[in-house]
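Here the structure is laid out as structure tokens; the discussion comes afterwards.
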Amino acid sequence: MIESRLCSFSSYCQLLFTFAKVILSERIVCATVYTYMMHLTVIYVYITVIYAYLNVIYVILWQYMFVLL
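FYI, full-length UniProt numbering numbers position 24 of the sequence shown as 24, with every residue one higher than the one before it.
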């Protein structure tokens, strides 16, 4: 009687442990994906800012070219 209870308890613990491992690995995957998404967002913002600066420089140079001509 006690042995069967111990067996069911240990299997229950094993099930909980497996469930916890799955949740933890899922959280790690979510955190990794979230981190990559944040990095991609930051890179996208940097590219947009650089593109805007280049656009401004291009417009200024274009106006100066017309002034010089």
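All C-beta atoms in this analysis are idealised placements derived from N, C-alpha and C, irrespective of residue type, glycine included.
When the Cα atoms are used, what is the spatial distance from residue i to residue j?
{"i": "residue 10", "j": "residue 28", "result": "26 Å"}
{"i": "residue 49", "j": "residue 62", "result": "20 Å"}
{"i": "residue 56", "j": "residue 31", "result": "37 Å"}
{"i": "residue 41", "j": "residue 16", "result": "37 Å"}
{"i": "residue 38", "j": "residue 14", "result": "35 Å"}
{"i": "residue 58", "j": "residue 68", "result": "15 Å"}
{"i": "residue 53", "j": "residue 47", "result": "10 Å"}
{"i": "residue 60", "j": "residue 51", "result": "14 Å"}
{"i": "residue 36", "j": "residue 12", "result": "36 Å"}
{"i": "residue 44", "j": "residue 33", "result": "16 Å"}
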